[in-house]
Each structure stands twice: as C-alpha cells, then as structure tokens.
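J.: Before I ask anything, here is the structure I am working with.
Number of protein chains: 2
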Amino acid sequence: MSEEKPSRSFVSAQQVAELAGVSRSAVSRTFTQGASVSDTMRRKVQQAAEELGYHVNHLARSLIQENSRIVCVIGAEINTPYQARMLEALVRGMQRIGRVAMVINSAGDRGSAEAALRQTLNYRAKATIVLSGAPPAALVRTCINSGQQVILINRDDHLDGPTNVVVDNDHAGREAFHMLQRAGCRKIAVVSSTAGTPSLVAREQAFEAAAREAGLGVRIVRPGPTSYASGFAAGEVLLSGSDRPDGAFCVTDLLACGFMDAARFEFGIDIPGELCVIGFDDIDQASWSSYALTTFRQPVEDMAGHITSLIGDPAADSAAGQRTCFHALPVWRRSVRPK
Amino acid sequence: MSEEKPSRSFVSAQQVAELAGVSRSAVSRTFTQGASVSDTMRRKVQQAAEELGYHVNHLARSLIQENSRIVCVIGAEINTPYQARMLEALVRGMQRIGRVAMVINSAGDRGSAEAALRQTLNYRAKATIVLSGAPPAALVRTCINSGQQVILINRDDHLDGPTNVVVDNDHAGREAFHMLQRAGCRKIAVVSSTAGTPSLVAREQAFEAAAREAGLGVRIVRPGPTSYASGFAAGEVLLSGSDRPDGAFCVTDLLACGFMDAARFEFGIDIPGELCVIGFDDIDQASWSSYALTTFRQPVEDMAGHITSLIGDPAADSAAGQRTCFHALPVWRRSVRPK
DNA sequence: TTGTATGCGTTATCAG
DNA sequence: CTGATAACGCATACAA
C-alpha cells in the first residue's frame, strides 16, 4: 500500500508530472487511448499516478472533446418495475460502451421535464434518453441542434427529430382482444390509467377497435395513475355490480396485479375460471405464481441493446429521426383459460 | 418561437456575448447565483441566450469550482424493488438540492466495484453513495482523500472513513423471532441468500441468537442470490419433507414472496394457518393482497432524506465516518397469526 | 518518442 | 455595475 498524502483535494496531471519528473503531456498521453508513449515512460507515469491517487478529470477532457460521454436518462417513477428494469439495462449498456448514465427525475409537473432537458444540455450530454414524461418539443429541438442524440422510448408522439424506439402497441392490443375472445369471454373490460401516455392510449384503442370489429362493446375504466392501487380500484368498480365482465385487458402488468387481487380477495372471483386477465410488459411479478399473468413481453434487453448500439456507433447520425419498432410477444400463463 | 440556427454544436457564452453586444463576463454573471448585474443587462443577455439556445456548461464550471455537483450512486441490481425505491428517493433528493445523480452499476465481479469507484473520481463527484457491492477499502480512502464524501448504505463493514447509514438489523432480527414465537411457532427456519451482505448476515445471526436464547434451534437455508427464485427454491427444500417448519423468517421480502408462493402453490400450505412468514424491507409487493406480508419497514424516504441533507449541508464534514442507524419498524399484515 | 505552447468554456479577481 | 485577464485540468498541433 502506497502512502497517499491526505491532500484533501483532487490530484492533477501536473502533480503527477512533477513527481515522475516528466512533462504534463507525457502524463496526458499515458492515459489517452491511442497515444504513443514509450514503455518506460508509461511505467514511470503510472507509478507516480498510483502513488498520488491520480484519476483523469473527465470533465476537463470533455471540455476539449466537445462530447462528454455522459448520457442522460430522463424518467418519472424509476422505482416502477418496468422502468427500473429498463433503466438497469440502459445503465449496463452505457457502461459497456464507455459511457456513463446520469439519471434525471422528471416526475410531476410540466416544468419538471423541461428542467430535466436543461440539465442534459448543462452537462453537454452526448445523448438523452427519455423514458417517460412529456418533453416540450422546442427544447427537444434545442438538444438536437446542440448536436445531441435524443431517443424517446415508447413515446410515439410523432415528433420529428428525435429517434423513436417503440413497441408494437397496435398489434398487441388487437391480439389481446382475440386472445380473450378465443377464451370465450363475452363481457369485456379495459383497465387503463389517467396517465394518457401515447403507448397506453394506443393499446386501449387498438383493443377497442378489434372489439368493435367483432361487434362487441368494451367498458373502459381509468381510476388513476398507472399503479397497483389503480388496478385494485378498477376491480372494485368493475366487479361490484351484477353485470360483471368475464375478461379484462389491463394496459400494464401493474394494473393487472391490482385488478386480479381485487377480484380474488374482494369478490372471491376465480381466475381464470370466471374471469380472464391479460396484462402488458411482463414485469417480474407477472411470472410469480400468485399471478401467473398472461401478458405481452416488452423485449427490454433488446430495446436497451439497440439504444446502446445507436449511441455507441459514431456513424449513427443516420438514425436521427428514425423509428424502430419492437414486437411484443404474448406470454401465455394461467390468467387466461386455454383455448 | 425564435429561429435557432442549426449550428449542430453547443453554444458558448462568447457567442451570446457577441449577439448581445456585451462582454463574456456579463453573460457569466447573468447565470451565476449571487452576482450583481443590472436588470437591463440581464434582460439583454437572457434574450440573446434564449435566441441561441445557450446553456451554461457545467463541466467547465466544475473545472474552476473544484466540486462538480455530480453525485455518484453505485449499485448492483437497480431493478430490484428495494434498490429501485432507494435510488428513486436519492435521485429526487439530489435534484432537490441542486445536485445530479450519476448511476454506476457494479454488478458481478469484484473488479466491477473498483471500476465504479474510479468513475466517481474521474467525474470529480462531490460525493459517492454505495447502495451495494463491496468497494475496496484502499479506493474508498482515495475518494475521501480527494475530498469526496463517501456514504455507505446498509454496508456496515465497520470501515472507518466513510459515513454509514444503516438499519437496526440486530434489533429487527431478534424481534422477528419473538413475533414468530408469540404466534406459537415451534419449528423455525431462516431463509437467506448466498450474497453474504453484512446487513443480511446480521439479520440472520440476530434471529438465530434470539432463538438459541429461547432454547430453540433454527434451520437456515441459502439457496442462491437474493431473489424471488431463491425464496421459491428455499420453500421447495424446506417444505418437502415431513418435518416442516411452521414459521420462517426471510431476510428479504423478495425471498419471502418466493417462499410463500412455493408454500401455497407447490404444497398447498395455508399461510398463516399452518405456516407464519416474516420478511424484511417492506417493498411494494409486501402490501399486495396476494402476500399481505408481515415485515419490517426500512424507512427509505427518511434514509434518503438524511443522506441528502448530509450532502447538501456544506458543514457536514463533521459527519465523516459517522454512523447513523435507522429503526426498522414491524408492519403487521396477515402472514403471521395474530397473537 | 518527448516537451512546449495553445485553446476548450467557465468563473474569480481586479481595474475602471 | 461592467469589462479585461488569469486561472481551472486537460488534449493536441507543432517543434525538437
């Protein structure tokens, strides 16, 4: 163990150079990818650096290189199972390509998303990934004009400029209806939320359209935000009357879990005997035995991987404004009667 | 909407100054807290800045101010309910005091935690919060010597130097035993994991000690990492024999959920009729009706708030090496028979 | 291969 | 209150 002097401050390349008895540039070159230094020089520098506890200042480095290797991830409710999983995958991906993720919460008010986007500019982020929230179009444009790559996940507002990564909500929504129909459900409900997120709305509407085409009406409830509690509340509303639905599409697994619990524990309803339930996302809890929820899997790893390669690839400017759609595959479990 | 020229690069204070017809310093002062500028000047500058889409470069600012307003949060398995909740609370807290959180994954191997800590130094982070993982003591010291504030959550390895924020695992572990004992359980098991995290071990040992004092033996299983699947596996191991336990303490709610599901769906065991279960953390799922898990609540908001104030307070140097212990209160639900 | 000099975008200091 | 100038820590073009 080398004895580090408790300088109570960060060590600079200058100090390393002095200790090693070389020039500042030599130190710089030692830590710069692809610079030419002799082995003896490198060893001397590295030893001095180790001794002082020197670490390259990425902030100063970014100042020169104009792109900061920082990637901002903007999201509300990071603690939600789906978002947490996506965030985790993104953080890992960024790290894999030598970038680092800066997480910004945009929860709540409208101004919050704006402030988040400003932070992204303040830190000269190389890219901004929007997990949720509604960023003002004008500010998104500023980000792009500043040379940033802006990537929107499941926020298909049809803004041009940012790159969009979405899931095929339309297809899945329609498929969900047919799955319930084939299971013999006749009185069908949709459990949604007041969030009004584009992808949630798309699922709702696709499901409803398919039902209409089949000559069936659909009852839609939106008791609150996208949460377990809202799903539970939806169950209390939908299942208390005499004219109960026998099939439900919940636009999110979280809603589905709440809905199922209300059905079982408030009304003693058997799933899937008396009621079939379909969710969306395939969060961890969907596979837990208590739920065994039939749902649609968002290929989170694939999506994060795609985004990572988009950011890692230097020639990815061609992807600007591009839209990539991933397929959400149905995962059959036990909350829907077998056909 | 002002027409921004698509410069494809970030705007500098210099450009704003030229457009506004003032000096660079004037621009700087306009955006610096507590600098004195005339109203007319400020207005002129702000208008020019708006027009060009200027945003202060925090990287350059940090260069001169020596503390970067960046706080690194290091953790493995951010997508886990407990960690996700803590992360979310921390991110919100940092934002509240004008800091920004940089998330670094330290999953897996030993070198990973080291690399994470290096990142923290590279970005001249003002503070580092370790959510999980075992950072090498030498590197922690380098961080502290560099003027960083290092905060460890629930990693009570008794390292001196870093600030520790922990939960009273000993007390809770003992309490858990007495709760099971009072519920009339005689054959008691502990479900733990192979993670070997100090806080998990502390819970185990405290529980076991209390049992020993009461003259009872305890069966401990550690089927794998701290996850739902491990809890499920623990259930399969413990409940298959003829000599089943009638009470179990799971050192984590995630383990408890898996354990309960195995008990109910693999063996048809009634909880709490035939088997009482206690968890730890009070994650969201613990309150879901399917589980209604009696557990110990980690005061996540309070802990995050404490950490936030520690980082926000400029005179918090006195807290270096300090240890703050939070109390984990029991939350009674329905997985344990009422006394 | 090595050292010297310059500039990146800010803020702080000092004159005016 | 305002403008000029010197840092901050680093990478690089250029000269040796």
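Chains as they are written, first to last, in the numbering used here: chain W, 2 to 340; chain B, 2 to 340. We treat Cβ as the ideally placed atom computed from N, Cα and C, and that holds for glycine.
Is the separation between the beta-carbon of Q286/W and that of D247/W shorter than 8 Å?
T.: Not closer than 8 Å, so no.
J.: Looking at the structure shown, is L20/W part of a helix, part of a strand, or coil, going by DSSP?
T.: DSSP places L20/W in helix when its eight states are reduced to three.
J.: For I98/W, does the count of other Cβ atoms within 10 angstroms reach 16, so buried, or fall short, so exposed?
T.: Exposed, by the Cβ-count rule.
J.: Go ahead and label W333/W buried or exposed: buried means 16 or more other beta carbons lie within 10 angstroms of its beta carbon, across all protein chains shown.
T.: When all chains shown are included, W333/W counts as exposed.
J.: Would you say E275/B lies against chain W (beta-carbon separation less than 8 Å)?
T.: Cβ-Cβ to chain W under 8 Å: no for E275/B.
J.: Using DSSP's beta-bridge definition, name the partner residues of N165/B.
T.: Paired residue(s): L153/B and R324/B.
J.: Would you mind reading off the limits of the alpha helix (DSSP H) that contains P199/W?
T.: Start and end: P199 to E214.
J.: For K127/B, is the classification buried or exposed, using 16 other Cβ atoms within 10 angstroms of its Cβ as the cut-off for buried?
T.: Answer is buried; the Cβ neighbour count reaches 16.
J.: Between L91/B and the rest of its own chain, which residues show a CB-CB distance below 7 Å, the 5 nearest in sequence each way excluded?
T.: These residues qualify, in order along the chain: V74, A102, I130, A305 and I308.
J.: Could you tell me whether the region 190-202 of chain W touches the region 224-237 of chain W, using the rule of 3 or more Cβ pairs below 8 Å?
T.: Short answer: they touch.
J.: Can you tell me the Cβ-Cβ gap for N123/W and H59/B, rounded? I've got them flagged as a contact below 8 Å.
T.: With a Cβ gap of about 4 Å, N123/W and H59/B count as contacting.
J.: Using a Cβ-Cβ distance under 8 Å, would V92/W count as near chain B?
T.: Answer yes: the Cβ-Cβ gap between V92/W and chain B drops below 8 Å somewhere.
J.: Which residues of chain B have a Cβ atom closer than 9 Å to the Cβ of D262/W, listed in chain order?
T.: By Cβ distance, chain B contributes W289, S290 and S291.
J.: Mind checking if L160/W is an interface residue toward chain B, Cβ cutoff 8 Å exclusive?
T.: No, no contact with chain B.
J.: Does M180/W have its Cβ less than 8 Å from a Cβ in chain B?
T.: M180/W does not count as touching chain B.
J.: Could you tell me the distance, in whole angstroms, from the CA atom of A400/W to the CA atom of A77/B?
T.: What the structure shows of chain W is the stretch from 2 to 340, and residue 400/W is not part of that stretch, so it cannot be assessed.
J.: Compute the distance between the beta-carbons of A14/B and S37/B, then report whether it is under 8 Å.
T.: No, they are not a contact pair.
J.: Considering only C-alpha positions, which residue in the set N68/W, R204/W, I312/W and S200/W is nearest to A177/W?
T.: If we check each option's Cα against that of A177/W, R204/W comes out closest.
J.: Helix, strand or coil: which one does DSSP assign to T41/W?
T.: The answer is helix: DSSP assigns T41/W an H, G or I state.
J.: Give a yes or no on whether 8 Å exceeds the smallest Cβ distance from V337/W to chain B.
T.: With 8 Å as the cut-off, V337/W does not count as an interface residue toward chain B.
J.: Can you confirm whether the region 35-52 of chain W touches the region 179-191 of chain B when touching is taken to mean that 3 or more C-beta pairs between the two stretches lie within less than 8 Å?
T.: Segments in contact, no.
J.: Based on DSSP bridge pairs, tell me the residues matched to T129/B.
T.: Answer is C73/B and V151/B.
J.: Going by DSSP, name the residue or residues bridged to V101/W.
T.: BP columns for V101/W point to I71/W.
J.: Could you list which residues in chain W have their beta carbon closer than 8 Å to that of E19/B, in chain order?
T.: Ordered by position in chain W, no residue passes the 8 Å Cβ test against E19/B, which lies about 18 Å from the chain.
J.: Taking the runs of the alpha helix (DSSP H) that are 4 residues or longer, which of them lie wholly in the region 226-275 of chain W?
T.: DSSP runs (the alpha helix (DSSP H)) wholly in the region 226-275 of chain W: 229-240 and 254-262.
J.: Specify the secondary structure class of T81/W as computed by DSSP and reduced to three states.
T.: The answer is coil: DSSP assigns T81/W none of H, G, I, E or B.
J.: Distance check for G322/W and P137/W, CA to CA, integer angstroms please.
T.: Taking the straight line joining both Cα atoms gives about 16 Å.
J.: What are the start and end residues of the beta strand (DSSP E) that includes F297/W?
T.: Looking at the DSSP string, the run of the beta strand (DSSP E) that includes F297/W is T296 to R298.
J.: So with CB distances below 9 Å, who are the chain W contacts of G148/B?
T.: In chain order: S8, R9, S10 and F11.
J.: Rounded to whole angstroms, how far is the Cβ of F268/B from the Cβ of L240/B, which I believe are closer than 8 Å?
T.: That pair is a contact at about 5 Å.
J.: DSSP three-state label for D282/B, please.
T.: Of the three classes helix, strand and coil, the one that applies to D282/B here is strand, per DSSP.
J.: At least one CB of chain B closer than 8 Å to the CB of A196/W: is that the case?
T.: So, not an interface residue.
J.: With A177/B as the anchor, note down where its alpha helix (DSSP H) starts and where it stops.
T.: Looking at the DSSP string, the run of the alpha helix (DSSP H) that includes A177/B is N170 to R183.
J.: Between the beta-carbon of V23/B and the beta-carbon of Y55/B, is there less than 8 Å?
T.: Not closer than 8 Å, so no.
J.: Just confirm the distance between the C-beta atoms of C326/W and D169/W, as a whole number of angstroms; I'd bet it's less than 8 Å.
T.: Between D169/W and C326/W the Cβ distance is about 5 Å, and since that is below 8 Å, they are a contact.
J.: With distances taken from CA atoms, which of I71/B, P82/B, G94/B and G313/B is nearest I105/B?
T.: Closest option to I105/B, Cα to Cα, is I71/B.
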